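Q: I have a structure here, written as structure tokens, and I will follow up with some questions on it.
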């Protein structure tokens with residue numbers, strides 16, 4: 194079967210490859226839940242949809258038209274995503290989910306059956322825009338199936354939004370304040386609406402945040418489905434739609450799976466993240482690079498077509514008898530007849546046994562213009578009779594030059610097929626070499642640390658990690674070994690201490706009796722000393738307040754301590770017995786600021802208490818007076 198890569202098939206292939214890798218990985222989870230299976234089935238059905246699209250846009254044979262039925266069937270896999278939306282975390286709307294999912298499945302199945310009934314009776318055409326065979330009724334998807342998919346993805350967003358609101362326990366007083374501004378009935382509704390919006394925007398718990406993330410990611414397939422309507426109704430060029438579908442689907446599935454992995458109850462591995470993130474980025478770059486490369490290939494081929502058309506003009510005008518090898522036929526019709534004229538006559542035939550003019554004049558010929566080129570199909574069942582055509586006017590005739598369509602597809606294939614190879618090689622490298630490299634350099638030491646911690650948690654004492662390299666893992670392993678050694682030494686010392694304590698326990702009663710007498714005597718002496726000290730401090734404070742109240746008279750003496758004006762005032766207040774709060778109130782400053790002044794004064798006098806400050810100031814004043 195002829196195999197020709199186009200720009201569209203590159204996008205289909207990359208999307209199919211990426212989604213297949215994601216779906217297969219999800220199925221490797223241990224203890225998979227129902228939601229996990231649903232997400233995997235949806236991802237794989239999407240991959241099969243893209244794979245069918247790849248075959249449709251690549252195989253140049255009428256037999257490939259039946260693949261469209263597989264493409265449309267796998268589109269029904271969106272029902273798996275709707276079921277996932279209901280089942281994720283927990284199905285709080287069990288009855289609603291059964292009804293909605295059942296009706297959706299029935300609707301999609303009926304639409305698919307009607308699609309088959311309409312298209313099987315329709316003629317097969319070749320769509321030069323898509324470069325693929327299509328049934329005459331293939332646009333029926335846009336009339337019936339696409340609206341269902343659009344509504345389904347919209348409902349998925351709504352389900353996740355409702356789940357976010359239900360799972361979030363955030364409470365806000367704003368809703369009550371707003372509700373109070375309206376009558377009771379309207380206020381209750383408005384308050385509930387505001388509260389729901391706040392919960393949706395500011396989801397507070399992990400399940401609620403995950404549901405909100407799923408809702409936001411689900412906007413991507415909603416936008417992709419909407420872009421389909423824009424494409425079929427001419428709102429955007431089809432090439433933009435295909436680009437958005439290819440790259441958007443990769444990003445959409447990637448974000449969807451990453452959100453699920455980060456919030457999945459099943460055990461996951463870091464290896465997927467460090468392998469698949471670079472893979473998605475690489476495949477996305479390959480897809481993006483195919484856009485300018487395809488445009489460059491088209492431009493180069495356009496120059497070739499222009500050159501061949503000019504040579505054909507020279508041939509029919511007489512100066513030249515040479516016809517380029519890529520020109521397969523030249524026919525003409527009178528210039529005064531309209532574009533619908535079939536009064537064609539052969540001028541040049543590369544294959545002498547075929548009369549192009551006879552084929553054009555005797556049938557409703559297929560001539561299609563795309564934004565870039567014009568094509569003609571003489572026999573829709575034979576791709577060898579497909580031509581890329583150019584027209585020019587000369588000598589009262591309109592000449593049509595036919596170039597091989599297959600040669601055009603081969604030209605595109607030669608330029609775009611390397612992107613398929615690059616995508617396959619990148620995927621193979623990242624899925625084979627990345628795990629090997631990262632498993633040895635990252636996961637092996639990480640698993641060793643994890644197993645050592647688990648063993649130590651079970652009570653094993655002689656746990657050590659091998660330090661293979663002096664990198665981050667080596668330093669972590671070394672720190673773990675030191676920690677276990679320190680803990681082991683501490684536990685040994687604790688055991689020794691307990692043994693020594695047990696040895697002394699026999700003499701403890703006697704020692705307590707002897708020490709009790711000493712403690713009573715010592716305690717009495719301490720009490721006496723404390724009372725004497727308090728008395729001395731009171732006397733000292735009274736002396737300061739009476740004889741040295743005006744400390745500002747000794748300004749020269751205070752200069753040696755570098756006190757500011759405010760600190761001199763605070764010093765006087767401290768000597769007068771004011772607290773930091775009193776000082777703050779007196780000067781209209783904050784209490785912490787008063788504390789800062791007090792600390793600065795203590796530091797400059799090299800004391801650590803008010804009593805010592807009073808004593809120091811008193812000694813200075815006495816020396817100054819003497």
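Residue numbers (this note's numbering): 194 to 819. Backbone N, C-alpha and C define an ideal beta-carbon position, used for all residues, glycine too. Note that the structure is predicted; figures quoted are calculated from it, not measured.
So the alpha helix (DSSP H) residue 356 belongs to, where does it begin and stop?
A: Run containing residue 356: 339-360, per the alpha helix (DSSP H) assignment.
Q: On a Cα-Cα basis, can you pick out the residue from 218, 222, 427, 244 that is closest to residue 205?
A: Of the listed residues, the one whose Cα sits closest to residue 205 is 244.
Q: Sorted by chain position, which residues of the same chain lie with C-beta nearer than 6 Å to residue 598's C-beta, five sequence neighbours on each side aside?
A: The residues are 579, 580, 581.
Q: How big is the Cα-Cα spacing for residue 450 and residue 414?
A: Cα to Cα, residue 450 sits roughly 14 Å from residue 414.
Q: Figure out for me which residue from 626, 754, 235 has the closest Cα to the Cα of residue 464.
A: Of the candidates 626, 754, 235, the one whose C-alpha sits nearest the C-alpha of residue 464 is 626.
Q: Within 10 Å of its beta-carbon, does residue 242 have 16 or more other beta-carbons around it, so buried, or fewer, so exposed?
A: Buried.
Q: Kindly list the residues whose CB is nearer than 7 Å to the CB of residue 774, restricted to its own chain and excluding five residues on each side of it in sequence; keep chain order.
A: Excluding residues within five positions, the ones whose Cβ falls inside 7 Å are 784.
Q: Report yes or no: do the stretch 525-543 and the stretch 205-224 share at least 3 C-beta pairs separated by less than 8 Å?
A: Too few Cβ pairs lie closer than 8 Å, so no.
Q: Hey, how far is the Cα of residue 496 from the Cα of residue 402?
A: Going from the Cα of residue 496 to the Cα of residue 402 covers about 55 Å.
Q: What ranges does the alpha helix (DSSP H) occupy inside the stretch 486-564, keeping only unbroken runs of at least 4 residues that lie completely in it?
A: Listed in chain order, the complete alpha helix (DSSP H) runs (minimum 4 residues) inside the stretch 486-564 are 549-554.
Q: With DSSP as the reference, identify every bridge partner of residue 590, one or two as the case may be.
A: The partner list for residue 590 (beta bridge, DSSP) reads 527, 587.
Q: I need the straight-line Cα distance from residue 408 to residue 481, nearest angstrom please.
A: The straight-line gap from Cα to Cα measures roughly 26 Å.
Q: Are residue 357 and residue 405 close, meaning C-beta to C-beta below 8 Å?
A: Yes. Within cutoff.
Q: Is the CB of residue 312 under 8 Å away from at least one CB in chain C?
A: Checking the listed chains, one finds no chain C in this structure; it contains a single protein chain.
Q: Exposed or buried, residue 316, counting other C-beta atoms within 10 Å across all chains shown (16 or more means buried)?
A: The residue is exposed, with fewer than 16 neighbouring Cβ atoms inside 10 Å.
Q: Measuring CB to CB, does residue 535 end up less than 8 Å from residue 553?
A: Taking 8 Å as the Cβ cut-off, residue 535 and residue 553 qualify as a contacting pair.
Q: How many Å lie between residue 232 and residue 273 at the Cα?
A: Their backbone Cα atoms lie some 7 Å apart in a straight line.
Q: How big is the Cα-Cα spacing for residue 279 and residue 226?
A: Approximately 13 Å, taken between the alpha carbons.
Q: Tell me whether residue 197 is buried or exposed, calling it buried when 16 or more other Cβ atoms sit within 10 Å of its Cβ.
A: Counting Cβ neighbours within 10 Å, residue 197 comes out buried, since at least 16 surround it.
Q: Going by DSSP in three states, residue 581 sits in which element: helix, strand or coil?
A: DSSP places residue 581 in strand when its eight states are reduced to three.
Q: CA-CA distance, residue 251 and residue 674?
A: Each residue's Cα considered, the two are about 59 Å apart.
Q: Could you give the first and the last residue of the continuous alpha helix (DSSP H) run that contains residue 215?
A: Where residue 215 is concerned, the enclosing alpha helix (DSSP H) stretches over 200-219.
Q: Closer than 7 Å: is that where the CB of residue 538 sits relative to any heavy atom of the ligand GTP?
A: Inclusion of the ligand GTP in the displayed structure is not the case, the ligand content being empty and no account of it being possible.
Q: Below 8 Å, how does it come out for the stretch 317-326 and the stretch 387-396: are there three or more Cβ pairs, yes or no?
A: Short answer: they don't touch.
Q: Would you list the residues sitting across from residue 755 in a DSSP beta bridge?
A: DSSP lists no partner for residue 755.
Q: To the nearest angstrom, report how far apart residue 608 and residue 418 are at their CA atoms.
A: Residue 608 and residue 418: Cα-Cα distance of roughly 30 Å.
Q: Who are the near neighbours of residue 508 in its chain, counting only those whose CB is closer than 6 Å to its CB and skipping five residues on each side?
A: Excluding sequence neighbours, residue 508 sits near 516.
Q: Quick one: give me the first and last residue of the alpha helix (DSSP H) that residue 790 is part of.
A: Taken as a continuous stretch (DSSP letters only), the alpha helix (DSSP H) holding residue 790 covers 784-798.
Q: Quick check on the DSSP output: the alpha helix (DSSP H) that includes residue 328 runs from which residue to which?
A: Where residue 328 is concerned, there is no enclosing alpha helix (DSSP H), although the beta strand (DSSP E) it sits in stretches over 325-328.
Q: Since residue 841 contacts residue 420 with CB under 8 Å, what's their CB separation in whole angstroms?
A: The requested residue 841 does not occur in the structure, where the chain is confined to residues 194 to 819.
Q: Where residue 718 and residue 707 are concerned, what is the direct C-alpha to C-alpha distance, given to the nearest angstrom?
A: Straight-line Cα distance between these residues: approximately 17 Å.
Q: Do the CB positions of residue 824 and residue 590 come within less than 8 Å of each other?
A: Because the chain in this structure spans residues 194 to 819, residue 824 falls outside the shown range and cannot be described.
Q: Residues in its own chain within less than 6 Å of residue 787 by CB, not counting five upstream and five downstream?
A: The residues are 773, 776, 777.
Q: If you compare alpha carbons, which of 355, 429, 622 is closest to residue 468?
A: That would be 622, whose Cα lies nearest to the Cα of residue 468.
Q: By Cβ distance below 6 Å, which residues in the same chain neighbour residue 472 in space, the five residues on each side in sequence not counted?
A: The residues are 623.
Q: Could you tell me the alpha carbon to alpha carbon distance between residue 686 and residue 795, rounded to whole angstroms?
A: If I take the Cα positions, the gap works out to 42 Å.
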